[in-house]
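First residue of the sequence shown: 284, per our numbering; consecutive thereafter. Here is the structure we will look at, set down as structure tokens.
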Amino acid sequence: PTAAPPLFGTPRAAPDPPAVEEAARIWCAGRRRLVIAGPAPPGFAAAARAAARLAAETPAVLAAEATSQLRHHPQRDPGLALDGLEWLAAPGGFLDRQPPEAVLLLHGAPAGRWTLGWLERTPARLLVAAPRWCDPVNRAEAVLVGDPEAALDLLAEASRRLRPAGADTEWLGAVREADARAWRGVEQALRGGGPMPEPAAVAEVLGALPDGAQIQLGNSLAVRLADIAAPGSHRALTVLHQRGASGIDGFVSSAAGAAAATGRPTVALGGDLSFAHDAGGLAAARAVRVPLVLAVLANGGGRLFDLLPVAARADLEKEYRDRFRCPTPIDFAALAAAYGLPHRRAATRNEVRAALEEALGRPGPTLVEIVPDPPGARAFLEGAARRS
């Protein structure tokens, strides 16, 4: 007879007790506490629950990035959730005027440029809990390296022994009001069912996802817009992402692999430049039998660079177009036909929602070409920031 496979105990590396105690003392000393959940892999569910427990017990505001596996989660607490962190962290914004006293950065560096800038200048004391060394702004007072769930449970246990100072309820209320005000500004900036900038398209795609689905966010612009254009939800969504060097490569192939491996409805949302780098991945996508939506922002190249100062240089217009944005004209309908895939084109918010719902309702891949309306993300950021 075939022997049963042995039981395998996965090791959990926990941070040193002295480091945990010091972190707990810092965490418990103040009355204004903020947890920032950065990018994390899909298997982060246990640590997500531990982060939610820590935030509820101490208590603390919990700001979860789209890629943290905590932003779209059944256990999120609306009373403690801060979805508009990037808006509140803008220079001169709410967090500059009313900063927390302690910040716990969880798992990895945040993507938001305003959030990173705020972490550099805030007077708040900074703690980090991550599976490897992480101190993106070089000012952390304690870095708890190890299994994030173990680190958070140990930090919560030490905090209970120290009996943290009571929360500043006025500050918690002010955070909730500032967050609500920011999202009202976003809604006003995105209002209407007509032509749409990229953020409106991203909001529609995220809003169309059913409970239990997974979404792969393309690197650069898409992953950042998912934070500033769409608030969290109680849906159980898995968020895949490709942050880091060569993050735009393999966009189609990895989404097809994720759909095939999990058997779950999958949406891949990214820009046309990322798509162009892996158009050959459509061959792999053809083999997928569950709903797979390849939602491509056909916005004329790397539009993340529109947010940089170089984009405003009239004297460098050609250089910016050819060396930064790198537009790659693609006939999406013809490309889909070449691989035998259904194709839909969407140029309004209503068309995006309809195309997503149709594609998620049938097995196999669908290529959805999303055509945003200029002037795009830069104008949205400026307009929403003024309203918030």
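Quick reminder that beta carbons are idealized off the backbone N, C-alpha and C, glycines included.
Residue nearest to Leu438 within the set Leu410, Val458, Arg459, Ala461 is Leu410 (criterion: CA-CA distance).
At least 8 Å separates the beta-carbon of Val344 from that of Leu371. Counting the other CB atoms within 10 Å of its CB gives Glu369 a total of 16 or more, which places it among the buried residues. Taking a contact to require three or more Cβ pairs closer than 8 Å, the region 551-563 and the region 535-542 qualify as touching. For Arg336, the uninterrupted alpha helix (DSSP H) segment begins and ends at 328-340. Following the DSSP letters along the chain, one finds Val488 inside the alpha helix (DSSP H) bounded by residues 481-490. Cβ contact annotation for Gly495 (same chain, cutoff 6 Å, sequence separation greater than five): Ala519, in chain order. The beta carbon of Glu424 sits closer than 7 Å to those of Ile309, Arg408, Leu409, Leu410, all from its chain and outside the five residues before and after it, given in chain order.
A straight-line Cα-Cα distance of about 11 Å links Ala302 and Ala441.
Between Pro548 and Val571, the gap from beta carbon to beta carbon reaches 8 Å or more. Leu378 and Trp454 have their alpha carbons spaced roughly 11 Å apart. Fully enclosed beta strand (DSSP E) runs of no fewer than 3 residues occupy 626-629, 648-653 of the region 606-660, in order along the chain. Comparing alpha-carbon positions, the option among Ala581, Ala539, Ile511, Val426 lying closest to Ala567 turns out to be Ala539.
Rounded to whole angstroms, the separation of the alpha carbons of Val488 and Leu387 is 30 Å.
C-alpha of Ser503 to C-alpha of Asn582: approximately 13 Å in a straight line.
For Ala347, the enclosing beta strand (DSSP E) starts and ends at 344-347.
Here the region 639-652 makes contact with the region 610-627; the two share three or more CB pairs at distances below 8 Å. Thr293 carries a coil assignment under DSSP once its states are collapsed to helix, strand and coil. If you draw a 10 Å sphere on the C-beta of Arg354, you find 16 or more other C-beta atoms in it, and that means buried. Residue pairing by DSSP places Leu575 opposite Thr549, Pro648 in a beta bridge.
Note that the C-beta distance between Asp430 and Arg295 is below 8 Å. Contact annotation, Asp418 with Val426: C-beta distance approximately 6 Å; criterion of less than 8 Å satisfied.
Assignment of beta-bridge partners to Ala385 by DSSP yields Arg316, Arg408.
A direct Cα-Cα distance of roughly 38 Å separates Met479 from Pro406. DSSP places Ser442 in the helix class (H, G or I) of the three-state scheme.
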